[in-house]
Amino acid sequence: MKLILTADVSGLGAPGDVVEVKDGYGRNYLLPRGLAIVATRGAQKQIQVITRAQDTRRVRDLDHAKEIKTALEGLSVTLKAKAASGSTKLFGSVTASDVAAAVKSAGGPVLDKRAIELPGHIKTTGKHSVTVRLHPEVTVALPLVVTTGE
1 MKLILTADVS GLGAPGDVVE VKDGYGRNYL LPRGLAIVAT RGAQKQIQVI
51 TRAQDTRRVR DLDHAKEIKT ALEGLSVTLK AKAASGSTKL FGSVTASDVA
101 AAVKSAGGPV LDKRAIELPG HIKTTGKHSV TVRLHPEVTV ALPLVVTTGE
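Structure follows, in structure tokens:
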């Protein structure tokens with residue numbers, strides 16, 4: 001299936017790229033989420049519009065991403081989670097939404113949960129490192145301290 005990407009898809013391409021993917025991946029994942037459109041003659045003309053808009057936004061976004069990076073680097077993020085008394089094991093696991101909310105409550109900028117990459121499942125209290133991908137060229141390693149909510 002030939003598709004035109006409308007958003008940045010990890011491991012596949014950037015907006016405006018024409019990609020060939022398996023039918024199920026395109027039909028069940030990319031198209032319903034609005035990450036791609038079917039490649040037709042009319043859509044080929046939209047590629048130029050998409051790439052032109054991306055080029056104008058890219059410079060501004062890179063500068064903005066660097067500003068957010070400096071704001072995040074000086075931040076200490078503490079997340080309170082539920083755990084059994086006297087245990088370091090959490091009842092659930094920490095999600096990207098939890099981390100985004102903790103960053104906001106710590107005085108940091110509002111982050112999109114899809115930009116936060118967790119190192120597997122965080123199911124224990126203690127110090128963890130979380131990666132925030134602000135831009136394809138800008139990533140931040142964010143220290144996260146998970147404590148019990150007592």
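For the sequence shown, position 1 (counting from the first letter as 1) is numbered 1 according to UniProt numbering, and the numbering increases by one without interruption.
Yeah, the Cβ is synthetic: ideal placement off N, Cα and C, and Gly gets one too.
Distances from the alpha-carbon of residue 86 to those of 40, 147 and 143 put 147 closest. DSSP lists no bridge partner for residue 21. The C-alpha of residue 115 is placed about 20 Å away from the C-alpha of residue 31.
Following the DSSP letters along the chain, one finds residue 81 inside the beta strand (DSSP E) bounded by residues 77-81.
If you ignore the 5 residues before and after residue 61, its C-beta comes within less than 7 Å of the C-beta of 135, all in its own chain and listed in chain order. Here the C-alpha atom of residue 79 lies approximately 24 Å from the C-alpha atom of residue 138. Selection 144, 143 and 133 evaluated against residue 66 yields 133 as nearest (Cα-Cα). Note that the region 67-77 touches the region 98-107; at least 3 beta-carbon pairs, one per stretch, sit closer than 8 Å.
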